[in-house]
Amino acid sequence: MSGRDPSPARPSLHSFALAAAAFSAGWSLMMMEILGGRLMAPHFGYSVYQWGAVIGVVMTFMAAGYWTGGQLGDGPKAVPALRAALLAGVAAAALTPWLGKPMLADAAGRFNAVEGSVVGAALILGLPSFALAMVSPICAGLSSLTGAAAAGRIYAVGTLGSIGGTFFASFYAIPQVGVSAGYALAAVLPALACLFVPGGKRVAAAAALAVPLAWAAGHGEGQGFALYRETPHNTIMVQEDAEQIRLHLNVAWATQSRLRKDGGPTGLYYDLFAAVPALGNGTRVLVLGLAGGAAAKEILDSWPGADILGVELDPAVVEVARERFGLRPEVRVAVEDARRHVERSPEQHDVVIVDLYSTALIPFFTATGSSSRRWSDGWRRAACWS
């Protein structure tokens with residue numbers, strides 16, 4: 001037989017309830033992993049250390065959750081444990097937008113980038129990874145199927161949830177509603193799954209309160225900014241006062257572009273871009289990393305008629321440059337990855353400006369000898385790294 005008779009010591013649940021719990025746990029956990037990586041970015045960047053920390057921490061706590069869930073899944077406390085695991089996942093989703101940022105900021109101040117990435121990932125992802133990983137083995141224990149069949153079916157459903165949560169967070173939640181509201185959406189399915197667990201209606205009602213709590217965190221994110229927008233590539237922040245307007249990407253303490261409203265010099269490094277065409281004895285300029293267009297402005301102010309092509313990965317940044325920073329219409333823009341543009345474009349330029357760096361966060365692929373040799377094919381006379 002493929003089934004087994006339920007007993008008081010080993011209860012079973014309807015297959016739909018088990019599938020709903022496993023699917024929602026996988027969905028929510030992967031959403032929080034993607035959202036957590038984005039939440040950590042302003043403090044630890046998008047480095048291999050950060051993503052290695054995220055993945056490693058999640059898997060470590062998942063292993064502990066699997067073991068604990070396996071211990072509880074065959075016992076009389078399996079149903080209460082399932083309710084508690086789902087509720088803990090919902091609570092983590094609700095509280096992370098409020099508590100995660102100060103905890104990550106504290107970790108960044110206490111540890112270096114490598115250690116801080118691990119500590120920060122543990123702070124915001126440890127609890128949900130442990131709790132939601134418990135769900136699948138508990139569901140397998142509560143299934144009316146035998147061991148291998150139950151485990152295979154439950155883990156398949158949970159994995160489908162993980163796939164859905166990954167795509168949903170990456171392609172909808174972050175670009176459309178933002179990270180904080182994304183956490184609210186991560187709480188929805190586990191809260192609904194509680195409805196199908198015996199004794200879970202009160203838990204579901206309590207869990208439902210977490211959704212607006214997490215959503216509300218997103219309404220305060222843009223305070224103090226003239227514009228605050230999350231995209232698949234960046235968190236775009238614009239600050240404006242009577243004297244100037246500044247663009248920040250991902251970190252509010254680092255200025256990506258600055259424009260003085262009186263047209264005067266900014267006092268920052270991109271004032272020096274006005275001299276760059278003289279290095280190449282020509283005015284055909286390629287800017288890799290356009291951002292708010294500071295380099296283009298300085299060059300055009302000193303070299304009217306210069307032929308400038310700016311390459312920028314994020315189309316939303318280009319929109320902000322046009323609308324907020326007065327990027328001139330004569331500046332041509334290619335919206336694509338800088339490496340891909342250089343490899344595919346047949347154009348030659350007198351000067352190439354490589355401005356792809358943000359604070360101390362240097363994309364490793366832009367600092368290699370091979371990338372320099374590849375980019376050198378695109379200029380004739382000079383290059384400038386900033």
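Numbering (full-length UniProt numbering), first residue to last: 1 to 386. Positions of the beta carbon are idealized from the N, C-alpha and C atoms, including for glycine.
What do you get for F171, buried or exposed, if any count of 16 or more other CB atoms within 10 angstroms of its CB means buried? Position 171 of the sequence shown, counted from the start, is the residue given in the question as residue 171. That one is exposed.
So if DSSP puts V238 in a beta bridge, which residue, or which two residues, is it bridged to? In the sequence shown, the residue the question calls residue 238 occupies position 238. According to DSSP, which records beta bridges pairwise, V238 is partnered with L227 and L247.
Ignore the nearest five residues each way along the sequence and tell me which others in V114's own chain have a CB closer than 7 Å to its CB. The residue labelled residue 114 in the question sits at position 114 within the sequence shown. The residues are Y49.
Where do the ends of the beta strand (DSSP E) carrying A257 lie? To locate residue 257, count along the sequence shown from 1; it is residue 257. In the sequence under discussion, the amino acid at residue 257 is Ser, which differs from the Ala named in the question. Here the beta strand (DSSP E) through S257 covers S257 to R260.
Cβ-Cβ separation, G293 to V331 (assumed contact under 8 Å), whole Å: Mapped onto the sequence shown, residue 331 falls at position 331. Mapped onto the sequence shown, residue 293 falls at position 293. Going by Cβ atoms, the distance from V331 to G293 rounds to 7 Å, so yes, they are a contact pair.
Buried/exposed call for L259, threshold 16 Cβ in 10 Å: If you number the sequence shown from 1, residue 259 lands on position 259. That one is buried.
Could you spell out the range, first to last residue, of the beta strand (DSSP E) harbouring L286? Here residue 286 is taken as the residue at index 286 of the sequence shown, counted from 1. R284 to L288 is the extent of the beta strand (DSSP E) around L286.
Are the beta-carbon atoms of S257 and A214 separated by less than 8 Å? On the sequence shown, residue 257 is found 257 positions in, with the first residue counted as 1. On the sequence shown, residue 214 is found 214 positions in, with the first residue counted as 1. Going by C-beta atoms, S257 is not nearer than 8 Å to A214.
Near A17, which residues of its chain fall below 7 Å by C-beta distance, leaving aside the five closest residues on each side in sequence? Here residue 17 refers to the residue found at position 17 when the sequence shown is read from its first residue. Around A17: F196 and V197.
Name the two residues that bound the continuous alpha helix (DSSP H) containing residue 388. Because the chain in this structure spans residues 1 to 386, residue 388 falls outside the shown range and cannot be described.
Assign L39 to buried or exposed, taking buried as 16 or more other Cβ atoms, counted over all protein chains shown, within 10 Å of its Cβ. Against the sequence shown, residue 39 aligns to sequence position 39. Result: buried.
Report yes if the CB atom of A131 is closer than 8 Å to the CB atom of V57, and no otherwise. Here the question's residue 131 lines up with position 131 in the sequence shown. Here the question's residue 57 lines up with position 57 in the sequence shown. Not in contact: A131 and V57 (Cβ atoms no closer than 8 Å).
Are there 16 or more other CB atoms within 10 angstroms of the CB of M30, so buried, or fewer, so exposed? Taking the sequence shown and counting its residues from 1, the one referred to as residue 30 is at position 30. Under this definition M30 is a buried residue.
Collapsed DSSP secondary structure at L309 in the structure displayed: Position 309 of the sequence shown, counting from 1, holds the residue named residue 309. In the structure shown, L309 sits in a strand (DSSP, three-state: E or B).
What would DSSP say about A334, mapped onto helix, strand or coil? Counting from one through the sequence shown, the residue named residue 334 turns up at place 334. Residue state, collapsed to three classes: strand.
So what's H43 in DSSP terms, helix, strand or just coil? In the sequence shown, residue 43 corresponds to position 43, counting from 1. The answer is helix: DSSP assigns H43 an H, G or I state.
Buried or exposed, going by whether 16 or more other CB atoms sit within 10 Å of the CB of L142? Here the question's residue 142 lines up with position 142 in the sequence shown. It counts as buried.
Can you tell which of L327, G310, I138 and A169 has its C-alpha closest to the C-alpha of S345? By one-based count along the sequence shown, residue 345 stands at place 345. S345 has its Cα closest to that of G310, out of L327, G310, I138 and A169.
Ignore the nearest five residues each way along the sequence and tell me which others in S24's own chain have a CB closer than 6 Å to its CB. The count along the sequence shown starts at 1 and reaches residue 24 at position 24. The answer, listed in chain order, is L189, P190 and A193.
Between the CA atoms of E240 and A88 - distance to the nearest angstrom: As a first step, residue 88 is located in the sequence shown; it is residue number 88 there, counting from the start. As a first step, residue 240 is located in the sequence shown; it is residue number 240 there, counting from the start. The alpha-carbon atoms of A88 and E240 are separated by roughly 41 Å.
At the level of alpha carbons, what is the spacing between H14 and I138? For the purposes of this step, residue 14 is taken as residue 14 along the sequence shown, with counting starting at 1. For the purposes of this step, residue 138 is taken as residue 138 along the sequence shown, with counting starting at 1. Rounded to the nearest angstrom, the two C-alpha atoms are 13 Å apart.
On the CB-based measure, 16 or more other CB atoms within 10 Å of its CB, does D350 come out buried or exposed? Counting from one through the sequence shown, the residue named residue 350 turns up at place 350. Under this definition D350 is a buried residue.
When the Cα atoms are used, what is the spatial distance from H341 to L209? For this step, residue 341 is matched to residue 341 along the sequence shown. For this step, residue 209 is matched to residue 209 along the sequence shown. Approximately 47 Å between the Cα atoms of the pair.
Which parts of the stretch 38 to 103 are runs of the alpha helix (DSSP H), unbroken and 4 residues or longer, counting only runs that do not cross its ends? 48 to 73
Let me confirm a value: residue 388 is counted as buried when at least 16 other C-beta atoms fall within 10 Å, else exposed. Which label applies? This structure cannot settle anything about residue 388, because the visible part of the chain is limited to 1 through 386.
Suppose the cutoff is 7 Å on Cβ atoms and the five residues either side in sequence are ignored; what does the same chain contact list for F273 look like? Within the sequence shown, residue 273 is the residue found at index 273, counting from 1. Correct list, in chain order: A295, E298, I299 and I353.
M103 versus M32: straight-line alpha-carbon distance, rounded: As a working note, residue 103 is residue 103 in the sequence shown. As a working note, residue 32 is residue 32 in the sequence shown. M103 and M32: Cα-Cα distance of roughly 16 Å.
Between the C-alpha atoms of R246 and R83, what's the straight-line distance to the nearest angstrom? Within the sequence shown, the letter at position 246 stands for residue 246. Within the sequence shown, the letter at position 83 stands for residue 83. When rounded, the distance between both Cα atoms is 48 Å.
Helix or strand or just coil, what does DSSP make of H341? Taking the sequence shown and counting its residues from 1, the one referred to as residue 341 is at position 341. Note: H341 maps to helix in three-state DSSP.
Taking L35 as the reference, which of L279, E243 and T96 has the closest Cα? The residue given as residue 35 occupies position 35 in the sequence shown. The candidate whose alpha carbon is nearest that of L35 is T96.
Local Cβ density within 10 Å of A173, reported as buried at 16 or more and exposed below that: For this step, residue 173 is matched to residue 173 along the sequence shown. Burial call: buried.
Terminal residues of the continuous beta strand (DSSP E) containing V352? Within the sequence shown, numbered from 1, the residue matching residue 352 stands at position 352. From DSSP, the beta strand (DSSP E) with V352 extends over H349 to V354.
From the DSSP output, in three-state form, read off T159 for me. Mapped onto the sequence shown, residue 159 falls at position 159. Reduced to three states, the DSSP call for T159 is helix.
Could you check how far apart the C-beta atoms of A306 and V287 are, in whole angstroms? I think they sit under 8 Å. Here residue 306 refers to the residue found at position 306 of the sequence shown. Here residue 287 refers to the residue found at position 287 of the sequence shown. Their Cβ separation, rounded to whole angstroms, is 11 Å, which puts A306 and V287 out of contact at 8 Å.
For V90 and T166, what's the separation of their Cα atoms in angstroms? On the sequence shown, residue 90 is found 90 positions in, with the first residue counted as 1. On the sequence shown, residue 166 is found 166 positions in, with the first residue counted as 1. One C-alpha to the other measures close to 17 Å.
Looking only at its chain, what residues have a beta carbon closer than 6 Å to the beta carbon of A20, apart from the 5 residues adjacent to it on each side? Numbered from its first residue, the sequence shown carries residue 20 at position 20. Here the set comprises A193 and F196.
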